[in-house]
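**Student:** Before we start, here is the structure in question, set down as structure tokens.
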Amino acid sequence: MSLLTQSSALLKQLKQKIAAKPKLWCGIAVAIVLLLIILVVLISGRKHNSDRYQPKHITLKLAPVNIKTQAPVQNFWRDEIVQPGDTINMVLSRFGISADEIQRITSLHIIKNKVQHLQVNQVFSIRTDNNGLLTDIQFFNDDDNGEKNLVALKKTGNNWNADISAVDTETLPTFKAVIVKTSARGALAQAGIPVEIRESLREIFKDKIDINSLQSGDTIRLIYDSLYYRGQELATGDIRAAEFSHNGNIYHAYYYDTGNDGNGQYYDVNGKPLRKGFSSVPVDGARISSPFGTRFHPILQTLRMHSGIDYAVASGTPIHAPSDGTVESFGIKGGYGNAVVLRHNDSMQTLYGHMSAFANLSVGQHVQAGDIIGYVGSTGVSTGPHLHYEVRINGQPVNPTSVALPTRTLNARELADFKKKQHHWDKQLSGFRNLNVTIAQLD
230 MSLLTQSSAL LKQLKQKIAA KPKLWCGIAV AIVLLLIILV VLISGRKHNS
280 DRYQPKHITL KLAPVNIKTQ APVQNFWRDE IVQPGDTINM VLSRFGISAD
330 EIQRITSLHI IKNKVQHLQV NQVFSIRTDN NGLLTDIQFF NDDDNGEKNL
380 VALKKTGNNW NADISAVDTE TLPTFKAVIV KTSARGALAQ AGIPVEIRES
430 LREIFKDKID INSLQSGDTI RLIYDSLYYR GQELATGDIR AAEFSHNGNI
480 YHAYYYDTGN DGNGQYYDVN GKPLRKGFSS VPVDGARISS PFGTRFHPIL
530 QTLRMHSGID YAVASGTPIH APSDGTVESF GIKGGYGNAV VLRHNDSMQT
580 LYGHMSAFAN LSVGQHVQAG DIIGYVGSTG VSTGPHLHYE VRINGQPVNP
630 TSVALPTRTL NARELADFKK KQHHWDKQLS GFRNLNVTIA QLD
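Residues 230 to 672 (this note's numbering) make up the sequence shown, in order.
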């Protein structure tokens with residue numbers, strides 16, 4: 230049977246069924262028509278959405294972004310050693326510094342007037358930035374009194390100025406321990422303990438024990454501050470703690486600063502003053518404006534050792550002898566201006582500088598504690614009226630507040646604070662109490 234014959238037969242059967250049940254088949258036909266309409270709508274909508282969200286390629290031209298990162302600032306130090314016959318111009322030229330720049334540097338007041346000559350093996354240091362531009366110059370210079378000063382220059386723009394803020398210094402504790410072989414003097418010297426520390430030790434313990442009485446086998450242990458500049462020891466500070474053993478007895482000294490202003494004194498294990506000190510201070514009602522130790526000198530523009538203490542007080546204020554003594558000298562004394570030197574015993578002298586006038590004095594004259602020896606002024610190298618007060622033991626400047634000023638008795642609060650600090654220093658001392666120590670003797 231052909232396909233056409235089959236289709237005609239099916240169509241004939243369909244007509245017969247519709248004729249038999251017309252309502253049913255009309256409903257089916259309507260349903261089929263509705264389904265076809267819904268299908269057409271869905272297909273057309275899908276096609277519309279597909280066209281709507283067809284991806285498109287858009288090219289935008291943006292201005293290039295220039296991002297610059299700033300390199301971190303770095304400093305580079307270089308050193309030059311002074312050779313025999315060198316001048317400051319020769320040393321600076323070896324750094325590659327231009328002749329014009331050297332001229333600007335050497336024309337500075339601090340260079341012309343304070344750097345008279347160089348010492349062989351003296352170290353000059355310069356610092357440059359990332360671009361190789363010179364920013365700092367630093368070097369040591371010994372003054373007329375033999376004190377070592379650190380000259381620090383900084384360049385801002387085209388100008389050079391003294392600037393101590395750039396100096397790389399730090400204060401560290403120094404630990405020393407020796408066994409006396411023949412004499413304490415030899416032990417301390419051969420252990421490399423600076424002379425100013427040795428003299429301070431003698432004076433601190435003077436009322437308790439004579440250091441020269443230490444015998445073979447006795448031990449000395451101490452902790453003191455040292456100021457370092459780029460690894461070089463620039464100066465020493467206060468003794469923080471010391472311990473002597475002698476004939477089975479142990480003697481201690483602890484530094485305690487009641488005002489935290491660098492003007493401390495020494496006490497024993499019980500917090501009692503080790504020394505009586507002088508009976509009075511040289512000026513009444515004055516504050517200490519500059520303590521003993523390394524400081525930036527406002528006129529000389531250098532970092533230098535301040536070998537005394539300064540009292541800020543009005544010009545014309547009377548200056549008193551703090552203890553009995555003998556007038557050793559008076560008159561103009563270099564940067565001290567008008568100055569008086571008193572001798573109090575075989576080892577101790579005191580100096581009073583920048584006076585406006587002297588009392589009626591004569592060399593060799595005996596003075597008693599409280600006698601007027603002069604008046605406050607601002608002579609010599611001075612920024613204003615003040616008294617510069619020095620104490621020297623065997624010619625070495627020591628901290629006047631530690632060995633010469635009247636020692637304060639600690640109150641209950643101070644004593645409790647002292648005990649805390651004492652415990653700290655005891656732990657430090659015990660840390661090297663059982664270690665091998667330097668055995669020193671005089672040849």
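Where is the CB? At the ideal position from N, CA and C, for every residue including glycine.
Measure how close the beta-carbons of A515 and S552 come, nearest whole angstrom, since I'm counting them as under 8 Å.
**Tutor:** In fact, because the Cβ distance is near 18 Å, the residues do not count as touching under 8 Å.
**Student:** What does the alpha-carbon distance come out to for the pair R504 and V349?
**Tutor:** Taking the straight line from one Cα to the other gives about 43 Å.
**Student:** Report yes if the CB atom of G566 is closer than 8 Å to the CB atom of G582, and no otherwise.
**Tutor:** Yes, these two residues count as a Cβ contact at 8 Å.
**Student:** Is L580 a contact residue of the ligand ADP, with contact defined as CB to any heavy atom under 7 Å?
**Tutor:** Ligands are entirely absent from the displayed structure, and the ligand ADP is therefore not among its contents.
**Student:** Can you list, in chain order, the residues of its chain whose CB lies under 7 Å from that of R431, leaving out five sequence neighbours each side?
**Tutor:** Cβ within range, chain order: I440, I622.
**Student:** Under a three-way DSSP split, which group does A586 fall into?
**Tutor:** If DSSP states are grouped into helix, strand and coil, A586 belongs with the strands.
**Student:** Counting Cβ pairs, one atom from each stretch, are 3 or more of them under 8 Å apart for the segment 445–452 and the segment 470–487?
**Tutor:** These segments touch.
**Student:** Determine the burial state of N360: buried for a count of at least 16 other Cβ atoms within 10 Å of its Cβ, exposed for fewer.
**Tutor:** So N360 counts as exposed.
**Student:** Assuming the contact rule is C-beta atoms closer than 8 Å, T175 and P502 should be a hit. Round their C-beta distance to whole Å, please.
**Tutor:** In the structure as shown, the chain starts at 230 and stops at 672, and residue 175 therefore has no counterpart that could be examined.
**Student:** In terms of residues, what are the limits of the beta strand (DSSP E) holding T398?
**Tutor:** That run of the beta strand (DSSP E) goes 398–409.
**Student:** To the nearest angstrom, how far is it from the Cα of I326 to the Cα of V320?
**Tutor:** Those two C-alpha atoms are separated by around 10 Å.
**Student:** If you measure between the beta carbons of V510 and G554, is that distance less than 8 Å?
**Tutor:** No.
**Student:** Check for me: the alpha helix (DSSP H) holding H573 runs from which residue to which?
**Tutor:** It is not in any alpha helix (DSSP H) - H573 carries neither H nor E in the DSSP assignment.
**Student:** Can you tell which of E399, P626, I366 has the C-alpha that lies nearest to the C-alpha of A391?
**Tutor:** For the residues E399, P626, I366, the minimum Cα distance to A391 belongs to I366.
**Student:** Just curious, the alpha helix (DSSP H) that G660 is in, first and last residue?
**Tutor:** Taken as a continuous stretch (DSSP letters only), the alpha helix (DSSP H) holding G660 covers 641–660.
**Student:** Taking the beta carbon of W654 as the centre, do at least 16 other beta carbons fall within 10 Å, making it buried, or is it exposed?
**Tutor:** Looking at its Cβ environment, which holds 16 or more other Cβ atoms inside 10 Å, W654 is buried.
**Student:** Compute the Euclidean distance between the alpha carbons of L337 and D513, then round it to the nearest angstrom.
**Tutor:** Roughly 40 Å between the two C-alpha positions.
**Student:** Rounded to whole angstroms, what's the CA-CA distance from S455 to S607? Just pull it up for me.
**Tutor:** Straight-line Cα distance between these residues: approximately 31 Å.
**Student:** Using a 10 Å radius around the Cβ and a threshold of 16 neighbouring Cβ atoms, would you call I636 buried or exposed?
**Tutor:** Checking the sequence shown, residue 636 turns out to be Thr, not Ile. Label assigned to T636: buried.
**Student:** Taking C-beta to C-beta, are L451 and A413 nearer than 8 Å?
**Tutor:** Going by C-beta atoms, L451 is not nearer than 8 Å to A413.
**Student:** Going by C-alpha distance, which of G314, I438, F521, Q578 is nearest N478?
**Tutor:** Nearest of G314, I438, F521, Q578 to N478, Cα basis: I438.
**Student:** Measuring straight from C-alpha to C-alpha, what distance separates V407 and L363?
**Tutor:** Approximately 46 Å between the Cα atoms of the pair.
**Student:** Rounded to a whole number of angstroms, what is the C-alpha to C-alpha distance between R307 and S536?
**Tutor:** Computed Cα separation, rounded: 31 Å.
**Student:** If you follow the beta strand (DSSP E) that D454 is part of, which residue opens it and which one closes it?
**Tutor:** First-last of the beta strand (DSSP E) with D454: 448–458.
**Student:** Measure the C-alpha to C-alpha separation of L571 and H652 and round it to an integer number of angstroms.
**Tutor:** Whole-angstrom Cα-Cα distance: 39 Å.
**Student:** So, helix, strand or coil for T667, using DSSP?
**Tutor:** Reliability fails at T667, whose pLDDT of 47 lies under 50, so the model's placement of it is uncertain and the value that follows must be treated cautiously. Strand, per DSSP.
**Student:** Look at Q634 and D539 and say whether their C-beta atoms are less than 8 Å apart.
**Tutor:** Reading off the sequence shown, one finds Leu at residue 634, where the question assumed Gln. No, the Cβ-Cβ distance between L634 and D539 is not below 8 Å.
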